[in-house]
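Asks: When we follow the numbering used here, the leftmost residue of the sequence shown carries the number 105, and every step to the right adds one.
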Amino acid sequence: MFINEPGIYRDSIRDSDLVSFQVNIEETSLYIKARSNLWNMAFRAALKYRASLESYIAEHPVFPISLEPLPADEEAPQIVQDMTKAGTTVGTGPMAAVAGAIAEYVGKELLPFSADVIVENRGDVFLATTRRRFIGIYAGDSPFSGRIALEIEPEQTPLGVCTSSGTVGHSLSLGKCDAVTVLSPSTCLADAAATAIGNLIKRKDDIPNAIEFARRLPGLTAVVIIVGDNIALWGRARVVKVEAG
């Protein structure tokens, strides 16, 4: 599975032991792999969590537009609390975590019915697996794009693998890196952290400071940064080469 640019590599995913299906609801675009077709369950879960967010946003209009951390709200739905906490941890607004949050919450609802679950939401991935999996990274015009993958072992999961880019896609990024991929047990946190780290990178000389920033964030297990023909890795992750074709 390749992450960062949804749709480009979905047809190339080679997890032949799993069944794949898609759930699309407005901005939410889920590509899911599980041991059986759990479309109905995934659709209901996605609707539920979207409704929870939309209801909260209707009463708190600053929530979807803030680029700064917001105060904790103990009365908010749990998904909102997790997004708010992730934003506070990394220094972003809570919506920096929205795609990862939906992927994680839907994925966890499917886990009781499938020991292997992969939920990708616009490039952000929730992964739980009983066997080794490979998640590749799409990084625009970088020579590393589509040529490297993260090797994920079962004991690392459930795991969030989220990517932000300043050169690929339509998500808001203040940086210019081709890809920042973050691993964390919290997909919600991984999503927000990828945005925050990516915002720091305007050129390749910013990579060391971005890595140091990532090292100080609690809850991350690994970070991969790609800027053109430059790549940096921190944490517990194994990067392997993907053969062309």
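Positions of the beta carbon are idealized from the N, C-alpha and C atoms, including for glycine. A quick note: this is a predicted structure, and the numbers were derived from the prediction, not measured.
(1) With 16 other CB atoms within 10 Å as the buried threshold, where does residue 233 fall?
(2) When you compare only the Cα positions, how much space is there between residue 169 and residue 188?
(3) Measuring CA to CA, which of 121, 321 and 269 is closest to residue 226?
(4) Should residue 183 and residue 205 be called a contact, given that it needs their Cβ atoms to be closer than 7 Å?
(5) So, does the segment 242-250 touch the segment 146-165, judging by three or more C-beta pairs under 8 Å?
(6) Mind checking whether residue 301 and residue 284 have CB atoms under 7 Å apart?
(7) Using CA coordinates, which residue listed in 311, 344 and 186 is at the minimum distance from residue 294?
(8) Can you tell me where the beta strand (DSSP E) with residue 204 in it begins and where it stops?
(9) Would a C-beta distance cut-off of 7 Å place residue 266 and residue 220 closer than the cut-off?
(10) Measuring CA to CA, which of 175, 214 and 166 is closest to residue 147?
(11) Which one of 292, 298, 256 and 313 has the shortest CA to CA distance from residue 341?
(12) Among 124, 250 and 263, which one has its Cα closest to the Cα of residue 346?
(13) Could you pull the DSSP bridge partners for residue 338 from this structure?
(14) Excluding sequence positions up to five away, which residues of its chain have a Cβ less than 8 Å from the Cβ of residue 307?
(15) Compute the Euclidean distance between the alpha carbons of residue 336 and residue 123, then round it to the nearest angstrom.
(16) In angstroms with no decimal places, state the Cα-to-Cα distance between residue 138 and residue 198.
(17) Whose CA, out of 324, 217 and 193, lies closest to the CA of residue 141?
Replies: Reading it off the structure:
(1) Looking at its Cβ environment, which holds 16 or more other Cβ atoms inside 10 Å, residue 233 is buried.
(2) 13 Å
(3) 269
(4) Their beta carbons are under 7 Å apart, which means residue 183 touches residue 205 by this criterion.
(5) no
(6) Closer than 7 Å, so yes.
(7) 186
(8) It is not in any beta strand (DSSP E) - residue 204 instead sits in the alpha helix (DSSP H) that spans 202-214.
(9) Not in contact: residue 266 and residue 220 (Cβ atoms no closer than 7 Å).
(10) 214
(11) 256
(12) 250
(13) 327
(14) 280 and 331
(15) 34 Å
(16) 29 Å
(17) 217
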